[in-house]
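Reading through the structure tokens given below for one structure.
Numbering (our numbering), first residue to last: 3 to 234.
So this is what it looks like as structure tokens:
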């Protein structure tokens with residue numbers, strides 16, 4: 003027998019004629035290949051069905067997977083470079099100028115008020131009132147009377163002579179005590195129609211008790227004189 007696989011007879015060599023003296027073996031006719039096709043060919047040919055293995059998934063932590071799903075998928079955007087804005091210092095200069103102007107106005111106003119009151123307290127009429135109460139503090143009532151206008155002086159709306167004035171002052175020292183201090187609380191000067199007057203309120207203290215005395219002065223040809231008082 004031949005070593006060729008069955009079914010490939012067409013590739014076998016043709017039979018050789020037997021040598022003389024050798025009885026040939028009977029030969030079978032070659033089989034024709036089956037050229038018929040099935041009516042319903044199936045392609046690809048069906049393979050015997052086998053159960054598929056279950057799909058394998060990598061084990062992941064549920065919390066980590068859920069967190070990864072919640073994270074938005076986007077690429078980080080690079081911020082656009084913007085040049086720094088130049089800060090304007092104009093308003094700082096304006097505020098500084100306003101503050102300086104207000105401060106200067108306040109200083110000038112305060113200085114003007116101080117000078118005004120200083121001028122009033124140092125006015126000629128106020129100086130006469132100071133001299134008058136300085137003599138009273140010393141109980142020098144004759145000198146104090148010299149600052150009064152003898153023709154116009156009144157005390158409680160009554161004409162006051164030098165003797166009457168000295169007597170009333172001494173009685174008051176005995177009853178209320180001597181004058182220990184005095185100060186001016188108000189000074190007013192008026193100039194009207196060529197007549198200059200001054201009204202001064204003097205706080206007089208006797209035995210620790212302070213009371214106001216209103217003094218009125220008039221500028222006369224020989225200087226300022228006291229023309230009215232409502233106390234000593």
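The beta-carbon is built from N, C-alpha and C at its ideal position, and this holds for glycine as well.
Check: Taking only three categories from DSSP, how would you classify residue 223?; Outcome: coil
Check: How is residue 156 classed by DSSP in three states: helix, strand or coil?; Outcome: strand
Check: May I have the straight-line CA-CA distance separating residue 211 from residue 99, to the nearest angstrom?; Outcome: 51 Å
Check: Using DSSP with H/G/I as helix, E/B as strand and the rest coil, what is residue 190?; Outcome: strand
Check: By alpha-carbon positions, which one of 175, 230, 216 and 225 ends up nearest to residue 209?; Outcome: 175
Check: Take residue 164 as the anchor and find which of 189, 152 and 173 has the nearest alpha-carbon.; Outcome: 152
Check: Does the segment 219–233 come close enough to the segment 193–202 to have 3 or more Cβ pairs within less than 8 Å?; Outcome: yes
Check: Please return the same chain residues whose Cβ sits closer than 6 Å to the Cβ of residue 203, not counting the five positions on each side in sequence.; Outcome: 187, 188, 214 and 216
Check: Where residue 133 and residue 168 are concerned, what is the direct C-alpha to C-alpha distance, given to the nearest angstrom?; Outcome: 17 Å
Check: Quick one: grab the DSSP three-state call for residue 234.; Outcome: coil
Check: Using a Cβ-Cβ cut-off of 6 Å (strictly less than) and excluding sequence neighbours within five positions of residue 155, which residues of its own chain qualify?; Outcome: 162
Check: Find the nearest neighbour of residue 126 within the set 232, 225 and 148, judged by alpha-carbon distance.; Outcome: 225
Check: Are there 16 or more other CB atoms within 10 angstroms of the CB of residue 69, so buried, or fewer, so exposed?; Outcome: With a pLDDT of only 48 at residue 69, under 50, the local geometry of the prediction cannot be trusted, and the value read off the model is given with reservation. Exposed is the call here.
Check: Look up residue 125 in the DSSP assignment and say whether it is helix, strand or coil.; Outcome: coil
Check: In terms of residue numbering, what span does the beta strand (DSSP E) encompassing residue 199 cover?; Outcome: 197–208
Check: Using DSSP with H/G/I as helix, E/B as strand and the rest coil, what is residue 150?; Outcome: strand
Check: Once you ignore the five residues that flank residue 234 on each side, which residues in its own chain have a CB closer than 6 Å to its CB?; Outcome: 171 and 174
Check: Quick check on the DSSP output: the alpha helix (DSSP H) that includes residue 170 runs from which residue to which?; Outcome: 164–178
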